[in-house]
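Q:
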Amino acid sequence: GDSGIFGVPVLVIAQYVVLFLLFGRLLQIIGAGAFFSRMAFALFGARMGGPAKAAVLSSGLFGTMSGSGVSNVLTTGSFTIPMMIRVGYRPPFAAGVEASAAVGGAIMPPVMGAVAFMMAEFMGVGYVEVAIAAAIPALLYYLAIFFTVHFEASRLRLNGLPPDLLPLAWPLLKQEGYLLLPLATIVALILAGYSVVLVVVWSILTTVLISFRKRASSVSPHRFASALVATGTLTGPLTVTCAIAGVLIGSMGATGVGFQISQALVALSGQTLAGLLVMSALLALLLGTGLTASAVYITMVATVIPILKSAGVSDMAAHMFAFYFGVVSDITPPTALAAVTAAGVARSHPVTTMNQASRIGIAAFIVPFMFVYSPALLMQGSVLEVIRASVSAALGLACLAAALTGFAWRTLKGWERVVLVAACVALIIDRWMFDLAGVALAVIVLAPQWLRHRRNRSTQAVPTWSEEDRQAIGEWMRKETLPQPAHDLSTVRGWLLMAAVAAVFGMMGDMAWHSRNIAGWLAGLAVCTALVLAALDLQRHLAAQQHGDSLE
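Each residue of the sequence shown is one higher than the last, beginning at 747 in my numbering.
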């Protein structure tokens, strides 16, 4: 059959993921990541708790390129976490904000990482259907993080950064808005109905073309080869994981273990949908302690998803449920790789950071239950149903964020927090009567808070920043993530080399050496790899020599 090493997971890696990883790497090279960070700080940096709000936005935007929570933390967190700590957030909270926001990049359309493509293959639907269904849950997840960050900043009375040190949003958009063209190309071509492979190829070409608008960001042969090497480095471990996951699926199907696990889950759940969902979520979190999000999802495909579907859950909701709990394993103890990485940047305790990340990203544990009971959140239903479900879910998550923080406009009492939790539960149930009850409970707590705040509010003092702080913030904001201008002393020869390597790969593919002549295929790979690496080493040597001459 189609199980085993060369199953659906490896097929998805070979057809889609490699290209999207190359696309994301090229976007970083031309400065899109730096643009996202600067735009986020331009919009929110000067507001209350600005760096944390900017971190939420920039991590969500950058996550659409990387699809990896850990790489997202390392890229954006190295800049945003120190900023959050400097304005007054506690290090574990700052690291938790970055980790939870970074993990959410994998569920944010349009790219969404490897799992979205696997989901489309397993369900037999177009990728665009998966991306559309994922839009509202992803926005709800980031909205909940944003609420938590705002309430925490209000509780601690944290100010934003000095406005004069931040870029202006509109001039920045006019100057560097062209960097959004590759993402716009993906959205436009996917909506036009083109295949995913053709879409990403055109997006890569768009990225290369717009890079020449500035010399410092131009994609030279050296940079393109470096992007290929970096893509291979990222693809290797992911491919091994997916190959083993394919074996896992095949062995479960051949031995019947998947059926036995499913029957055990049904028995433990008391044969109720709510109990089955809880058991499925716990199984996914348990698997997530040792597997990546893609491996967790694939395992759920073989075990839990068929049972969810047999229990009446729609195909899209069942797969998305497994997807979410596979992704959230990166912030869930005891492993929580994204949270541990963020803790290293913030120099905070890993366990404390995991707990904070789980609390801040609690929407990822709740939203999957919401769209199982309310398919309208997955764009399945009328426009009115989608709007009502989205608004009530957003209000419910806002109440939950206030209850967990213990602050709205003023400090919440114990009973007020309990009432807000009850309001959250009522609002996320897909019934009109429950929605009205949830709104009433929220008004009972929040209306007096808001009125007292309006009567007793005082003008907030403008913070005074020391010269040392201003210099540090200015240095961070001016920090360029673009590489230094390329020292391509042989641009023509570089492109000729890349063309020759591409021609050799094309020739070997046309002759199907990968299946007919394994030795020839491996030899061709070795020759092409040696040529690219030799060119990179030569280019580095020439660049270092030129740099040394300029220093002298």
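Think of the CB as a built atom: it goes at the ideal place given N, C-alpha and C, for glycine as much as any other residue.
Report the residue from A1103, G939, L1143 whose alpha carbon sits nearest the alpha carbon of M1116.
A: L1143
Q: Rank V876, F752, A1122 by C-alpha distance to the C-alpha of I990 and give the top, closest one.
A: F752
Q: Are the beta-carbon atoms belonging to I1055 and A1064 less than 7 Å from one another?
A: Before going on, a small fix: residue 1055 reads as Lys here, not Ile. In this structure, A1064 lies closer than 7 Å to K1055 by Cβ.
Q: Mapping the DSSP letters down to three states, classify S1081 as helix, strand or coil.
A: Note on identity: in this sequence residue 1081 is Thr, with Ser being the wrong assignment. Looking at T1081 - three-state DSSP - the assignment turns out to be coil, as it is neither helix nor strand.
Q: DSSP on F1153, reduced to helix/strand/coil?
A: In this structure, DSSP gives F1153 an extended state, which the three-state scheme calls strand.
Q: Looking at C-alpha atoms only, which residue of T985, G978, E844 is the closest neighbour of P861?
A: In the sequence as presented, Pro is not what sits at residue 861; that position holds Val. The shortest C-alpha separation from V861 is found at T985.
Q: Enumerated in chain order, which unbroken segments of the alpha helix (DSSP H) with a length of 4 residues or greater are wholly contained in the segment 1106-1184?
A: 1109-1119, 1129-1151, 1160-1174
Q: Decide if S817 is buried, meaning its Cβ has at least 16 other Cβ atoms within 10 Å, or exposed.
A: buried
Q: Nearest-angstrom Cα distance between L1130 and V1137?
A: 11 Å
Q: Could you tell me the distance, in whole angstroms, from the CA atom of V965 to the CA atom of H896?
A: Cα to Cα, the separation comes out at about 39 Å.
Q: In terms of residues, what are the limits of the alpha helix (DSSP H) holding I775?
A: I775: member of the alpha helix (DSSP H) spanning 764-775, first to last residue.
Q: If you follow the alpha helix (DSSP H) that P856 is in, where does it begin and where does it stop?
A: Segment: none, P856 is in no alpha helix (DSSP H) and carries neither H nor E.
Q: Among residues of its own chain, excluding the 5 on either side of E1226, which ones have a beta-carbon nearer than 7 Å to its beta-carbon?
A: At E1226, the pLDDT of 49 sits below 50, so the modelled position is not reliable and the matter cannot be decided from this model.
Q: Please work out which residues of its chain come closer than 7 Å, Cβ to Cβ, to L1033, disregarding the five sequence neighbours upstream and downstream, and give them in chain order.
A: Cβ within range, chain order: V1042, T1045.
Q: At the level of alpha carbons, what is the spacing between L1235 and S972?
A: Confidence at L1235 is low in this model, with a pLDDT of 45, below 50, so the placement of that residue should be treated as unreliable; the coordinate-derived value is given next. One C-alpha to the other measures close to 16 Å.
Q: Near A1057, what residues of its chain come up, given a Cβ to Cβ distance below 8 Å and the 5 sequence neighbours on each side ignored?
A: L1019, L1022
Q: Indicate the three-state DSSP secondary structure (helix, strand or coil) for K920 in the structure shown.
A: helix
Q: Quick check on DSSP: helix, strand or coil for D1215?
A: Under the three-state reduction of DSSP, D1215 is assigned to helix.
Q: Could you pull out every residue in the same chain whose Cβ sits closer than 7 Å to the Cβ of A866, ignoring the five residues on either side in sequence?
A: G872, Y873, V876
Q: Does the segment 826-841 come within contact of the segment 1090-1099, defined as at least 3 CB pairs closer than 8 Å?
A: yes
Q: Grouping DSSP H, G and I as helix and E and B as strand, with all else coil, what is T1045?
A: Annotated three-state conformation of T1045 is helix, per DSSP.
Q: Once DSSP output is grouped into helix, strand and coil, what is the label at S783?
A: Three-state result, S783: helix.
Q: Is it right to say D748 is buried, meaning 16 or more other beta carbons lie within 10 angstroms of its own, or is it exposed?
A: Around the beta carbon of D748, fewer than 16 other beta carbons lie within 10 angstroms, which makes this residue exposed.
Q: Report the rounded CA-to-CA distance for A1110 versus A798, giving the unit in angstroms.
A: If I take the Cα positions, the gap works out to 19 Å.
Q: Do you know whose CA, among V1250, A1048, T894, lies nearest F1153's CA?
A: T894
Q: If we count the other Cβ atoms within 10 Å of its Cβ and call it buried at 16 or more, is V764 buried or exposed?
A: V764 counts as buried, since no fewer than 16 other beta carbons sit within 10 angstroms of its beta carbon.
Q: Ordered along the chain, which non-local residues of its own chain (more than five positions away) have a Cβ less than 6 Å from that of S957?
A: I776, S963, S964, V965
Q: Alpha helix (DSSP H) containing V874: first to last residue?
A: 873-902
Q: Candidates I1175, A841, F766, I831: which alpha carbon is nearest L1083's?
A: Closest by alpha carbon: A841.
Q: Kindly indicate which three-state DSSP category I1264 falls into: helix, strand or coil?
A: helix
Q: Between the alpha carbons of G906 and G999, how many angstroms are there, rounded?
A: 55 Å
Q: Within the continuous alpha helix (DSSP H) that includes Q1006, where are the two ends?
A: It spans 1003-1014 - the alpha helix (DSSP H) in which Q1006 sits, taken as one unbroken run.
Q: Need the endpoints of the alpha helix (DSSP H) that T821 sits in, please.
A: Taken as a continuous stretch (DSSP letters only), T821 belongs to no alpha helix (DSSP H), as it is neither H nor E.
Q: Excluding the five sequence neighbours on either side, which residues of its own chain have a C-beta within less than 8 Å of the C-beta of V1273, listed in chain order?
A: V1250
Q: Return yes when the Cβ of G850 is within less than 7 Å of the Cβ of Y888, no when it is not.
A: yes
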